Amino acid sequence: MVPLGIIYQGIAGTFTLENLLLLLLGLVVGVVVGILPGVGPAAGMVLVLPFSVSLQASSALILMSGVYFASSYGGSVAAILVNTPGESASAATLLDGYPMTQRGRGAEALGISATAGCLGAVFGLLVLAFTAPLLASLALRFGPAENCLLALFALSVISAIVKRNPMKGLISACIGLVLATVGSDQVSNSIRFTFGLEPLEDGIPFIQTMIGLFAISQVLTLSEQNQTISRVELAGSGFLTGFKTTFKHPFTLLRSFIIGIWIGALPAAGRSTASFMAYAEEIRVARDKSQFGKGNPVGVIASEMGNNACAMGDLIPTLSLGIPGSVGAAVFLGIMIIFGVIPGHRVFIDQGKTIYGLFTAFFIESLLILGLGLTYAKYFAKIAMVRNDFIVPIILIFSLLGSYTIQNSFFDLLITAVFGALGYFMNKHGYSPVPLVLALVLGPMLEKNFQRALIMSEGSYRIFFHSGISLVLVALTVFSLGYPYLSPLLKRREKHSR
Amino acid sequence: MYSARKYWILFMVLSLALSLAQAVAAQEKFPGKPVRMVITHAAGGSVDLPGRAMALYMQKYLKVPVMCENMLGGGGRKAMEYVFGDAKADGYTIVASAFPSRLIGEMVYESKYKMKEFIHLGSWVGGDYRTIFVAKNSPFKDFNQVMEESKKRKINVGGGGGLGSTSQLQIVYLKEVVKLNLNFVPFDSDAEVAAAVLGKHLDIGTGPLSGAIRVYKSGDTRILAVHSPKRIKEIPEIPTMKELGFDGVVIPYGVGAWAPPKTPKDRAKILSDAIMTASKDPEFIKWAEKSSTMLDPMGPEEFYKVTLEDYRNIEKVLPLLMKEK
Chain W
217 MVPLGIIYQG IAGTFTLENL LLLLLGLVVG VVVGILPGVG PAAGMVLVLP
267 FSVSLQASSA LILMSGVYFA SSYGGSVAAI LVNTPGESAS AATLLDGYPM
317 TQRGRGAEAL GISATAGCLG AVFGLLVLAF TAPLLASLAL RFGPAENCLL
367 ALFALSVISA IVKRNPMKGL ISACIGLVLA TVGSDQVSNS IRFTFGLEPL
417 EDGIPFIQTM IGLFAISQVL TLSEQNQTIS RVELAGSGFL TGFKTTFKHP
467 FTLLRSFIIG IWIGALPAAG RSTASFMAYA EEIRVARDKS QFGKGNPVGV
517 IASEMGNNAC AMGDLIPTLS LGIPGSVGAA VFLGIMIIFG VIPGHRVFID
567 QGKTIYGLFT AFFIESLLIL GLGLTYAKYF AKIAMVRNDF IVPIILIFSL
617 LGSYTIQNSF FDLLITAVFG ALGYFMNKHG YSPVPLVLAL VLGPMLEKNF
667 QRALIMSEGS YRIFFHSGIS LVLVALTVFS LGYPYLSPLL KRREKHSR
Chain L
4 MYSARKYWIL FMVLSLALSL AQAVAAQEKF PGKPVRMVIT HAAGGSVDLP
54 GRAMALYMQK YLKVPVMCEN MLGGGGRKAM EYVFGDAKAD GYTIVASAFP
104 SRLIGEMVYE SKYKMKEFIH LGSWVGGDYR TIFVAKNSPF KDFNQVMEES
154 KKRKINVGGG GGLGSTSQLQ IVYLKEVVKL NLNFVPFDSD AEVAAAVLGK
204 HLDIGTGPLS GAIRVYKSGD TRILAVHSPK RIKEIPEIPT MKELGFDGVV
254 IPYGVGAWAP PKTPKDRAKI LSDAIMTASK DPEFIKWAEK SSTMLDPMGP
304 EEFYKVTLED YRNIEKVLPL LMKEK
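These protein sequence lines are chains W and L, in that order. With the working numbering as the guide, the letters of the first sequence map in order to residues 217 to 714. With the working numbering as the guide, the letters of the second sequence map in order to residues 4 to 328.
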C-alpha cells in the first residue's frame with residue numbers, strides 16, 4: 217500500500233500556479249489537435265515536448281496529460297458536429313453523434329460527450345489508482361488465443377446489427393474484413409492485395425479511411441442540399457439536456473466502462489477498438505436496434521464512455537508493467553521515461569509524488585472538460601446552423617489537409633477520395649458503414665492472434681479451448697451469434713404455451 | 004477591381020523580393036534557413052525520441068531551427084528512398100533513422116536507396132543490443148536449459164517488428180547459427196512480446212536492451228543473454244551470447260543521421276560537427292541519462308566504417324534472411 221503522505225504530496229504538489237497554467241495549456245493544445253483531423257494525441261505531445269524539457273518531471277507530465285486526455289474531447293467535437301473524426305478514438309462517436317446534430321440535437325450530443333467522457337475518466341482514474349497492478353496481471357492472462365476469441369466475440373455483434381438487412385450488412389462487413397487483410401502478412405512475410413502499390417504495404421490507413429468514409433461522403437451529400445447541417449432550429453435541446461440524458465442510461469455507462477477499462481488494460485488494443493466495441497455491445501443488447509445510426513444518444517454515451525475509460529485503462533499496463541497499452545500510451549511512456557519516471561511495480565511508491573500528481577491533473581482536466589462541454593458547447597454547436605455553401609468547403613479543406621498530414625503522403629488523399637465515394641454510395645443505397653468499420657478495426661486483431669495462437673500450438677486448435685477465459689469467450693460468441701435468431705423462436709413458443 | 008489588382012501585384016513583388024533575399028542569404032552562409040530532419044518512424048518511438056532530442060540540441064549550434072518530420076511507410080524505406088533520391092542535396096534535408104535495420108531493409112527488399120552512398124553525418128545512440136528474456140518464474144534458469152529443452156520440443160519465441168528489422172535478424176541468428184529449435188511468433192511491437200512473456204504464453208521473448216532492462220529491474224523478468232560484444236555495465240550479472248559459446252552473434256542497434264549523397268562536403272561537415280558537439284553537450288547527456296537512452300556517439304568516418312562492417316556481417320546471413328521472405 218502506498219503511504220498516504222505520498223498521495224497527499226502528489227495531490228498538493230499539483231496546485232501550484234505554474235502547474236495549473238501548464239495544465240490549462242495542455243488542455244487547450246489537446247482540444248485543438250483533437251479537433252484537427254490527422255493530428256492525434258501522439259503528434260500533439262511530441263509538439264509540446266521541446267517546451268517541456270526544462271520543466272520538472274511532474275510539471276512536464278501534467279502538461280502532457282492535458283494533451284493526452286483532451287485530444288479525444290476535441291476529436292469528438294469534430295465528429296459530432298461535422299462528421300469528421302478528429303482522431304481515431306472518436307470515430308465511433310460520429311455514428312450517432314452526427315445524426316443527432318442533423319436533428320438539431322448537436323448541443324445535447326456535445327453535452328453527452330463531455331459528461332460521459334468525464335465519468336469515464338474519473339472512474340477510470342479510480343480503477344487505475346487502486347487496482348492497476350491487479351488488473352494488469354489479469355490482462356496478462358490474455359494471450360494470442362484469448363485475444364483472437366475476444367475479437368471474434370466483438371465481431372459476432374455484427375450478426376445483431378445486420379438483422380434488419382442481413383445481405384447488405386454482411387456485404388459491408390465482408391468489405392471491411394477484406395480491406396483489413398491488405399498489407400504485409402506477418403507470418404509469411406509476404407505482401408498481399410496491394411496491387412503493386414507500395415504505400416499499401418503497411419495496410420489501409422485507418423483514419424484516412426474514416427475521413428473518406430464519413431467526412432467526404434457527408435460533404436458530397438451536403439453539397440447536394442442548399443440547407444444547413446442541422447435540419448431544424450436548435451430549440452429546446454441544450455447542453456444540460458445532454459448532461460441529464462447521460463444519467464438516464466446507467467447500464468450503458470456501466471457496460472461501456474467495463475469494456476473501455478478492460479480493452480485499455482490489454483496491451484494490444486487501443487481507444488478506437490474500445491469505443492467501437494462499447495458501441496457494438498449497446499446495439500447487441502438493445503431491444504430496438506433500428507434507432508442506432510439515426511441519432512440515438514445511447515450510441516454517443518457508449519462510445520465516449522468506452523473511449524475515455526480506455527484512455528485511463530491504457531495506463532494500467534503502462535504504469536504498472538512498463539508495457540504500453542496502446543500507441544498513444546506508448547508515446548506517453550516514452551515521454552515519462554525521458555523525464556526519468558521509470559514505470560514498474562514500484563512506480564506508485566518510488567515516483568508516488570509524480571504519479572499521484574499526474575492522477576490529480578487528470579481529475580482536474582476531466583472536470584474542466586465537463587465544464588467546457590456544458591458551457592461552451594452551445595456556441596460550438598452553432599456550426600451546424602451555418603449554411604452548407606460556407607461549411608462544406610471548410611470541412612473539405614480540413615479533412616483533406618488532415619488526411620495528408622498524417623504521413624505527408626498524397627497517396628493518402630487518394631485513399632480518402634476513394635472511401636469518400638464508397639461511403640457516398642453506401643449511404644445512398646442503404647448500406648450501413650458500421651459493420652465495415654467494425655471489421656476494419658477488429659480484422660487485424662482477429663487474424664494476427666489467430667495465426668500466433670496456431671504457431672504456438674503447432675497447428676492444434678485445442679489452444680482455443682485450453683483456458684477458462686477462452687471457454688467463456690467461446691460460449692459468449694456462440695450465444696451472441698445465435699441469440700438474435702433464437703429469441704423470436706423462444707418468444708413464439710412462450711405464446712403457444714400460454 | 005483596379006485597386007485589388009494593385010495590391011496583388013505589390014504582394015507578388017514583395018514575395019519575390021523576399022524569396023530572392025532569402026536565396027542570396029542562403030548562398031552566403033549555411034545554414035541560412037531551417038534544416039529539415041526526416042524521421043523514418045512514428046512520433047514518440049525509439050527512433051523518433053532520440054531524433055527529436057538531437058534536433059533540439061543541434062539547433063543550439065546551427066543557430067537555425069531543426070524541424071522534425073515523420074515520414075512513415077515500409078518500415079523506414081519510404082523516407083530513406085525519399086531523402087536518397089527526391090530530396091534536394093543542399094544540406095537542408097537530412098534523415099534520422101536506426102541502424103543496422105535500414106541496411107537490412109535495403110538488402111532484403113532491394114530498395115532504391117544505397118546506405119553506402121549516403122553521406123554519414125554521425126550517430127549518437129548506440130549499444131542498445133538485443134536480449135533474450137523469460138518471465139521471472141519461468142522454468143528456464145539460463146540459456147543452456149533453453150537449448151536442452153529445445154532438443155525435446157520446439158521453443159516458442161516472440162519477436163516484434165517485421166522482415167528487415169533487427170528483431171528478425173536476431174530470430175534468424177537464433178534459428179540458424181545458434182541452432183535453437185524454435186517456433187517464431189511474430190508480434191507488432193516489443194511491448195506486446197514482453198506482455199506475452201509475462202503472461203507465460205511464450206517460452207522466451209526477444210527485445211532491445213533499453214526496454215528489457217526496465218522490466219528486468221522491476222523484477223518481472225530474467226534476462227538470459229545479451230547479443231553484445233562484452234557484458235553490459237548496468238547488468239554485469241548477465242552473460243553475453245559469446246560467453247555462452249555462440250560467436251559472431253552480436254546484434255547492435257543505434258540511431259544516426261544521414262544526408263543525401265550529393266550534399267556539398269562543407270555543408271555536411273557543418274551538420275556533422277553540430278551533431279558531434281550536441282552529443283557532448285552536458286544537457287544532452289543529462290537528458291540521455293534521465294531517459295535511459297544509451298549514448299555512443301560516432302563521427303562520420305567511424306559511422307561509415309560501421310556501416311561497411313554491418314554490411315559484410317549481414318551479407319553472410321542474407322540468404323537466411325531471404326529464406327524468411
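Here a beta-carbon is modelled for each residue, glycine too, at the ideal position from N, C-alpha and C. Computed from a predicted model, the values in this text were never measured in an experiment.
1) Please check if any C-beta of chain L sits within less than 9 Å of the C-beta of residue 487 of chain W.
2) Determine the direct distance from the alpha carbon of residue 209 of chain L to that of residue 321 of chain L, and round the result to whole angstroms.
3) In its own chain, which residues sit with a C-beta less than 8 Å from the C-beta of residue 262 of chain W, not counting the 5 before and 5 after it?
4) Can you tell me the Cα-Cα spacing of residue 227 of chain W and residue 123 of chain L, whole angstroms?
5) Using the C-alpha atoms, what's the distance from residue 375 of chain W back to residue 697 of chain W?
6) In chain W, what lies closer than 7 Å to residue 46 of chain L by C-beta?
7) Any chance you could list the beta strand (DSSP E) runs of at least 3 consecutive residues sitting entirely within the region 177-259 of chain L, in chain order?
8) My output table needs one value for residue 93 of chain L: the three-state DSSP class, helix, strand or coil.
9) With 9 Å as the C-beta to C-beta threshold (strictly closer), list the residues of the region 216-250 of chain L near chain W in chain order.
10) Can you list the residues of chain L that residue 605 of chain W reaches, using a CB-CB cut of under 8 Å?
11) Considering only the alpha carbon of each residue, which of W/296, W/462, W/300 and W/224 lies closest to residue 636 of chain W?
12) With 16 other CB atoms within 10 Å as the buried threshold, where does residue 71 of chain L fall?
13) Taking CB distances under 9 Å as the criterion, tell me whether residue 284 of chain L reaches chain W.
14) The beta strand (DSSP E) with residue 401 of chain W in it runs from where to where?
15) Residue 271 of chain L by DSSP, collapsed to three states: which one?
16) Starting from residue 574 of chain W, trace the alpha helix (DSSP H) both ways and give me its first and last residue.
17) If you pair each beta-carbon of the region 402-409 of chain W with each one of the region 290-308 of chain W, do three or more pairs fall below 8 Å?
18) With 16 as the cutoff for other CB atoms within 10 Å, does residue 90 of chain L come out buried or exposed?
19) Go ahead and pull the three-state DSSP assignment for residue 104 of chain L.
20) Just the chain W side, please: which residues come within less than 9 Å of residue 55 of chain L by C-beta, in chain order?
21) Can you give me the C-alpha to C-alpha distance between residue 656 of chain W and residue 517 of chain W, rounded to a whole angstrom?
22) Looking at the C-beta of residue 81 of chain L, does it have a partner C-beta in chain W at a distance below 9 Å?
23) Can you tell which of L/63, L/234 and L/101 has its C-alpha closest to the C-alpha of residue 54 of chain L?
24) Taking C-alpha atoms, which residue in L/224, L/298, L/311 and L/319 lies nearest to residue 137 of chain L?
25) Using the rule of at least 16 other Cβ atoms within 10 Å of the residue's Cβ for burial, across every protein chain shown, is residue 706 of chain W buried or exposed?
26) Taking the runs of the alpha helix (DSSP H) that are 4 residues or longer, which of them lie wholly in the region 29-76 of chain L?
27) On the three-state DSSP scale, how would you describe residue 125 of chain L?
28) Give, in chain order, every residue of the region 668-691 of chain W whose Cβ lies closer than 8 Å to some Cβ of chain L.
29) Can you tell me whether residue 661 of chain W is buried or exposed? The criterion is at least 16 other CB atoms within 10 Å of its CB, across all chains shown.
30) Give the straight-line distance between the Cα atoms of residue 452 of chain W and residue 464 of chain W, rounded to the nearest whole angstrom.
31) For residue 72 of chain L, decide whether its Cβ has a neighbour in chain W, counting only Cβ atoms nearer than 9 Å.
32) Can you give me, in chain order, the residues of the region 183-208 of chain L that have a beta carbon less than 7 Å from any beta carbon in chain W?
33) Just checking: is the beta-carbon of residue 269 of chain L within a distance shorter than 9 Å of some beta-carbon in chain W?
34) At 7 Å on the CB atoms, spell out the chain L contacts of residue 359 of chain W, in chain order.
35) Counting C-beta neighbours from all protein chains within 10 Å, is the total for residue 559 of chain W 16 or more, i.e. buried, or is it exposed?
36) Which chain W residues are close to residue 52 of chain L, counting only those with a beta carbon under 7 Å from its beta carbon?
Once the coordinates are examined:
1) no
2) 20 Å
3) 547
4) 48 Å
5) 6 Å
6) 258, 259, 262 and 547
7) 185-190, 207-211 and 224-229
8) coil
9) 217, 218, 220, 221, 222 and 223
10) Going along chain L, no residue has its Cβ under 8 Å from residue 605 of chain W, so there is no contact; the nearest lies around 23 Å.
11) W/300
12) buried
13) no
14) First-last for residue 401 of chain W: undefined, no H or E at that position.
15) helix
16) 568-591
17) no
18) buried
19) helix
20) 262, 265 and 266
21) 22 Å
22) yes
23) L/101
24) L/224
25) exposed
26) 51-65
27) strand
28) 668, 671, 672 and 674
29) buried
30) With a pLDDT of 49 at residue 452 of chain W, under the threshold of 50, the modelled position of that residue is not reliable, and no figure is offered here.
31) yes
32) 186, 188, 189, 194, 195, 197, 198, 199, 201, 202 and 204
33) no
34) 199, 202 and 204
35) buried
36) 550 and 554
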